[in-house]
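Protein chains in written order, with my numbering: chain R, 110 to 581; chain D, 110 to 581; chain W, 110 to 581. A virtual CB, placed ideally from N, CA and C, is assigned to each residue, including glycine. Computed from a prediction, not measured in an experiment: that's the story for all the values here.
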Amino acid sequence: MVNWKRYKFSLFAFTLEIVFIILFGVLAEYDEPAKPTNKNLTSPVPNRYPMFQDVHVMIFVGFGFLMTFLKRYGYSAVGVNLLIAAFAIQWAFLVRGVIHEVTHGEKIHITLLEMLSADFASATVLISFGAVLGKTSALQLLVMALIEVVLAQINEYIGLDKIGGVDVGESMYIHAFGAYFGLAVARVLYTEDIEDSKGEGTVYHSDLFSMIGTIFLWLFWPSFNGGAADDDEQYRAVINTYLSLCACTVVTFALSAVVDKKGRVEMVHIQNATLAGGVAVGTSANMPLHPWGALLAGSVAGVISVLGYKFLTPMMAKKLRIHDTCGVHNLHGMPGVLAGIVGAVAAAMASEATWGQSYYEIFGKVIPMDNTTELADVMSSYSFIEKGGDGRSALQQGGFQMLALLVTLCIAILGGILTGFLLKLPIFNAPKKGHLFDDQDFWVVQQDGFPQIEVDDMNETHNETKMVLIEH
Amino acid sequence: MVNWKRYKFSLFAFTLEIVFIILFGVLAEYDEPAKPTNKNLTSPVPNRYPMFQDVHVMIFVGFGFLMTFLKRYGYSAVGVNLLIAAFAIQWAFLVRGVIHEVTHGEKIHITLLEMLSADFASATVLISFGAVLGKTSALQLLVMALIEVVLAQINEYIGLDKIGGVDVGESMYIHAFGAYFGLAVARVLYTEDIEDSKGEGTVYHSDLFSMIGTIFLWLFWPSFNGGAADDDEQYRAVINTYLSLCACTVVTFALSAVVDKKGRVEMVHIQNATLAGGVAVGTSANMPLHPWGALLAGSVAGVISVLGYKFLTPMMAKKLRIHDTCGVHNLHGMPGVLAGIVGAVAAAMASEATWGQSYYEIFGKVIPMDNTTELADVMSSYSFIEKGGDGRSALQQGGFQMLALLVTLCIAILGGILTGFLLKLPIFNAPKKGHLFDDQDFWVVQQDGFPQIEVDDMNETHNETKMVLIEH
Amino acid sequence: MVNWKRYKFSLFAFTLEIVFIILFGVLAEYDEPAKPTNKNLTSPVPNRYPMFQDVHVMIFVGFGFLMTFLKRYGYSAVGVNLLIAAFAIQWAFLVRGVIHEVTHGEKIHITLLEMLSADFASATVLISFGAVLGKTSALQLLVMALIEVVLAQINEYIGLDKIGGVDVGESMYIHAFGAYFGLAVARVLYTEDIEDSKGEGTVYHSDLFSMIGTIFLWLFWPSFNGGAADDDEQYRAVINTYLSLCACTVVTFALSAVVDKKGRVEMVHIQNATLAGGVAVGTSANMPLHPWGALLAGSVAGVISVLGYKFLTPMMAKKLRIHDTCGVHNLHGMPGVLAGIVGAVAAAMASEATWGQSYYEIFGKVIPMDNTTELADVMSSYSFIEKGGDGRSALQQGGFQMLALLVTLCIAILGGILTGFLLKLPIFNAPKKGHLFDDQDFWVVQQDGFPQIEVDDMNETHNETKMVLIEH
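What follows is the structure, encoded as structure tokens:
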């Protein structure tokens, strides 16, 4: 008799890939400048591809290696990260295309900007992956990706298109969403087994592998926040993010040494909290925050993030039974909320007097509804605003920014809870008791050099072998 | 008395470097826009350099780290990879320059595009290196590079310039060539010692180092396939490769879990087969395959590659005595052949009706010989086609694509066999019996942390330390 | 009572970060094209950002991982590297801005080019860090960064603006300065404890981590030397550096095998000396050295660097009590001096006859003082030379290049000595005896997998554990 359990993951993945190919066949076509017959259109590749590749590196090297800190879960960190992202990217093209193009009777266009958006969409899932790292099967993760991409894209559509909450670096729609969705899933999937597990932990060199991820994320975050922007908005996004990260890094080191009894710094803070500055300015990166504003936002993010790792994460695990493996709440959750608030405050304080034309470019909804002649004249240089906006005041825009943040948190948490209950169904190959944080659940693991854990702490073990180094 | 054996490698390398400097002095000069007196020419750097750097990363980080999976051969993987590539790049400028410029009475121009081609040329050798990894000395590898670059460039000249077989991502002229050349060398160098060797194998963290290579190759493959193209061709190359890799990754995971008895995935598949999708669309990446076509090609490549690793590689080692250390047959060989076939089929099915002007741009030989006025008019926007082509039909072009593939396989295999016999000569410092897959053959190795193998399996050993795994 | 020693590092870092934010608030503003009201200015991001990111990778991945070769100092290598660079970057904006803008009554403009310069400035400190690696506290390093950035920027101002010593890749102003400054600091901080320390050394995989740094530095060095240049100068910088590195790599391998008794190569040479070719052409990278000239310069650099590692570094430690942990003298010091000499020779041999307009563009001081009409006509295409130069002859320019090098060495060495004495003050938390090359001095270290050293060789130890890890 066929052992279906064994084939479930593969069947699911094969089936979805076939469905993807069919849907791409029916719905998708190349971007116009990529069509062989459109010789007069300009390819976006020379201008936009380098930043796309920076983001691409963040998704696969950054997130992948950042999660290799677990001593017995490195294959999964970088390998399953690759799987989920490759899966989510394809799905995101379809989901986004249906929302933004198919519903308007158009084909889905595979553009370079949509490749960036698809990479972004996969980041949402990878952030959630960080919260449940080591506690879910590959099959559960694919199912999670399938649902989360849909919910996150609907949320982005509501927040961005309907509410008009701008978020150039997607700190709300990706970082906060991914974090709170993942934490909700983690809450539902919580078992006592997690706290008992001896498999969660690092070894000296797994912390170094993780730093590969950290550094590449740190380096390319300006491309993440600026990748979808243009001209002066993009330039500001790059500068603000760069400065924010520098300040965040200094503060992270300083505070990490304060909260340790002996004045030493903790690897987990350096690996993660140094990046919070990138999240913190994500919503407002294209706004004129001023250089000092970017430094300040990064500094605050570093403080929040380190304190979160030190005090909040253990407390949440103990009291709320939310076990957050990578501490995504501290890197993506709270800094994402901070970003939303910074964006709302900046929006509320903005005006045409100080921001000039950028005021209308950044916040489309503040354009007067009647679109007076004088204003229309100003707008004429900005091609994609052709019709009037909602005539919001700056303060109103600030309020709508907060609304977008709140909607994001609601959809993320509710969606995460429902997804968690779905993933709990016994059909999705959840890791068995005693197999948490263990590559052996999904991988043929090279035992040589694989850190062993003590047998009596495991209810069940794959390995009889212990590792004894005898020197002759 | 001088121990010449000890100095052979250095003498060879020094001599060649001096020869290179002299030949560059006699034959080479800067690209025109790089000359100090040509102020009116446009530098290609802003447009083309980012993709060049992506490919550069693939060559040195990608190939280098991909091969670090062997537990006792990491220095050689990343270090000798650096040596071979730095050597082959210089040689490739000269070889390519002689073929394409010196024979036309011109100087060799060091251009950014030739830097890309030189990097490409080194990839050919690095792929072959993968087949013989751990079984050859540095001296043998330099000799191999010296020969292989010449043969590969002659083959490319025949295939591309004479036969007119297009191959934008060089899946035939680099990947298939490098793989089958390397396999032929590996066949000739085969000894029983290889199968007995206990040094071949991974440790847990060497597999993680290898993933650094995998991920960077995976990320930048769109730049490999699109780096030499322009405009819409480049844009399609990027999109097709990106999509193909995503599909290939999902299929690789799914199939790897199917072929394992317990439904787990294998690291070697993830490290390599996930990349086969990049090779598979290499020949046709600039063609309008449609998004679904790219996904399909990538999926098929994943299937072929995983099955190759699982069944073909062990069989080839046992039955044909072709020991393929990295499995280049599965990553570069078969997917390279697949790419050639996909390219031939796409060519045979192409027409001006569906591809428009691109039909003539991509396949220069289908341009009518008489170059009628109407067509010449179409051509006028495409500057580098000025004269008539061969007037081939699409079907004929498909046939010539297959011919180019066949010629490539022939030259690669014959060249590899002859090179193998040359390398077998006792003068090239082949690794001694019992020293295969062992950095100690060429490196001063840090013993601390160097994985030891059991003494009684080695005829001779450098180390007293043993690693004893005690099973309880 | 508060243990101030424990908080000193944090207090220093927090205070400086607050000072930075205030100074940025008072003095700094966005680059003009980044201001929201300047819609008509062109953003430099599409053109210049990719090379900036390459350099960014070099600073944080390159330098950071290169220094992870020490078996017990990997966290510090990559982590403290991140801290110092993030700190020095902010400080460099301010120091450079005061020198170049505030003194002229302008605000400090945060431009993309200044981001590149700030990254460059941090490199100076990171090079010095290499000389004192493992022998200084984080607090000492921040203090060193604070002083060194000021001195290095003043030196660059004198050398570049006053003396007119050009140095496109900053081999004098960054590499030589950083190296000799660091060596001077190392000399003053020398203690017997260093030679006794058992903590200095590598393990097999720490050498592989280090190669991550090496390869990324090697790959992106053309961007380092060409990042601040434009047009044909940039193009030549890229080509020269690329070629120089290839030749340097082959020579490094060849010579490394010669100087070893058994004809093997040494990891430390490969990790470092292969990069000397990038330094060696740094000053002259934008000059028409010819391809063979670049190859030759790289080859000579490889020779100097390997010989330095083999013979000079141990001798300097023993005889001069200059302990150079990373061998920065061989990678940055001597090759930096070589670069200065190559630049001086190239300058002395230059002429308008052979270099054309580039002669005046590269060496602003050779422009005639009276700026004759004919010449002014030539200059008109070169926007930033508007007034006459100093009317130097080529030979004089060569002399001034040498002067700039000498001034650099003097300021670096004197500055380093003074800084060393300052750092020796007991207030800066210098590592205690027996805690050199040990992450445990600053980090909460994961003991699992942390290489232990024998207890009886340490006067004091954190760990009871010895190399024999027996798990029960």
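For Ile-217 (chain D), the closest C-alpha among the options D:Ser-231, D:Ile-536, D:Leu-534, D:Gln-199 is that of D:Gln-199. The count of Cβ pairs closer than 8 Å, one atom from the region 111-128 of chain W and one from the region 350-365 of chain R, reaches three, so the stretches are in contact. The beta carbon of Ala-456 (chain R) sits closer than 7 Å to those of Phe-472, Ala-503, Gln-506, Gly-507, Gln-510, all from its chain and outside the five residues before and after it, given in chain order.
Along the region 264-286 of chain R, none of the residues has a CB nearer than 7 Å to a CB of chain W. In summary, no residue of the region 209-231 of chain D has a CB separated from any CB of chain R by less than 9 Å. Contacts with chain W (Cβ-Cβ distance below 7 Å) from the region 172-196 of chain D involve Gly-173, Thr-177, Gly-183, Tyr-184, Val-187, Gly-188, Leu-191, Leu-192, Ala-195, Phe-196, listed in chain order.
Following the DSSP letters along the chain, one finds His-218 (chain R) inside the beta strand (DSSP E) bounded by residues 217-219. For the 7 Å CB-CB criterion, Gly-372 (chain R) and Arg-115 (chain W) form a contact.
Around the beta carbon of Thr-212 (chain R), a 10 Å sphere encloses fewer than 16 other beta carbons of the protein chains shown; the residue is thus reported as exposed.
By the criterion of at least three beta-carbon pairs nearer than 8 Å, the region 287-304 of chain W is in contact with the region 420-434 of chain W. No Cβ of chain R is located within less than 7 Å of the beta carbon of Asp-302 (chain W). Assigned with DSSP and collapsed to three states, Val-374 (chain W) falls in strand.
Remark: C-beta atoms of Ile-208 (chain R) and Gln-262 (chain R) approach each other more closely than 7 Å.
Look at Arg-430 (chain R): its C-beta is not under 7 Å from any C-beta on chain W.
Excluding the 5 residues flanking it on each side, Ser-332 (chain R) has same chain C-beta neighbours closer than 6 Å at Met-160, Asp-163, Val-164, in chain order. Apart from sequence neighbours up to five positions away, the residues of its chain that approach Glu-279 (chain R) with a beta-carbon distance below 7 Å are Phe-229, Gly-391, ordered along the chain. Neighbourhood of Arg-205 (chain R) in chain W, by CB distance below 9 Å: empty, with the nearest CB roughly 25 Å away. The beta carbon of Leu-250 (chain D) lies closer than 7 Å to those of Val-189, Ile-193, Phe-238 in the same chain, with the five residues before and after it left out. Interface annotation for the region 307-332 of chain R against chain W: Gly-310, Thr-311, Val-312, Tyr-313, His-314, Ser-315, Asp-316, Leu-317, Phe-318, Met-320, Ile-321, Thr-323, Ile-324, Phe-325, Trp-327, Leu-328, Phe-329, Pro-331, Ser-332, criterion Cβ-Cβ distance under 9 Å. For His-438 (chain R) against Leu-416 (chain R), the beta-carbon gap comes to about 11 Å, at or over 8 Å, which does not count as contact.
The alpha-carbon of Leu-514 (chain D) is positioned some 25 Å away from that of Thr-463 (chain D).
For Lys-371 (chain R), the residues of chain W that pass the 9 Å Cβ criterion are Arg-115, Val-553, in the order they occur in the chain.
Thr-323 (chain R) sits close to Leu-175 (chain R), with the two beta carbons spaced by under 7 Å.
Fewer than three pairs of CB atoms, one per stretch, sit closer than 8 Å, so the region 139-159 of chain D makes no contact with the region 265-280 of chain D.
When C-alpha distances from Ala-337 (chain R) are compared across R:Met-458, R:Val-277, R:Leu-534, R:Asp-547, the shortest belongs to R:Val-277. Against Tyr-351 (chain R), the close residues of chain W are Met-224, in the order they occur along the chain (beta-carbon pairs closer than 7 Å). Ile-256 (chain W) and Arg-430 (chain W) have their C-alpha atoms some 23 Å from each other.
Using a CB distance below 8 Å, the part of the region 361-389 of chain R facing chain W consists of Phe-362, Ala-363, Leu-364, Ala-366, Val-367, Asp-369, Lys-371, Gly-372, Arg-373, Val-374, Glu-375, Met-376, Ile-379, Thr-383, ordered along the chain. Interface annotation for the region 428-454 of chain W against chain D: empty, criterion Cβ-Cβ distance under 9 Å. Assignment of Tyr-139 (chain W) by DSSP, reduced to helix, strand and coil, places it in the strand class. The closest CA to that of Leu-518 (chain D), considering only D:Lys-419, D:Gly-287, D:Leu-534, D:Pro-155, is found on D:Gly-287.
Leu-328 (chain R) and Lys-474 (chain R) have their C-alpha atoms spaced approximately 33 Å apart. In the DSSP assignment, Ser-332 (chain W) falls within the unbroken alpha helix (DSSP H) covering 313-335. With respect to chain D, the C-beta atom of Leu-532 (chain W) has no partner C-beta closer than 7 Å. Taking 7 Å as the cut-off, the Cβ atoms of Gln-561 (chain D) and Tyr-313 (chain W) do not count as close. Interface residue (Cβ-Cβ distance to chain D less than 7 Å): Lys-148 (chain R) is classified as such.
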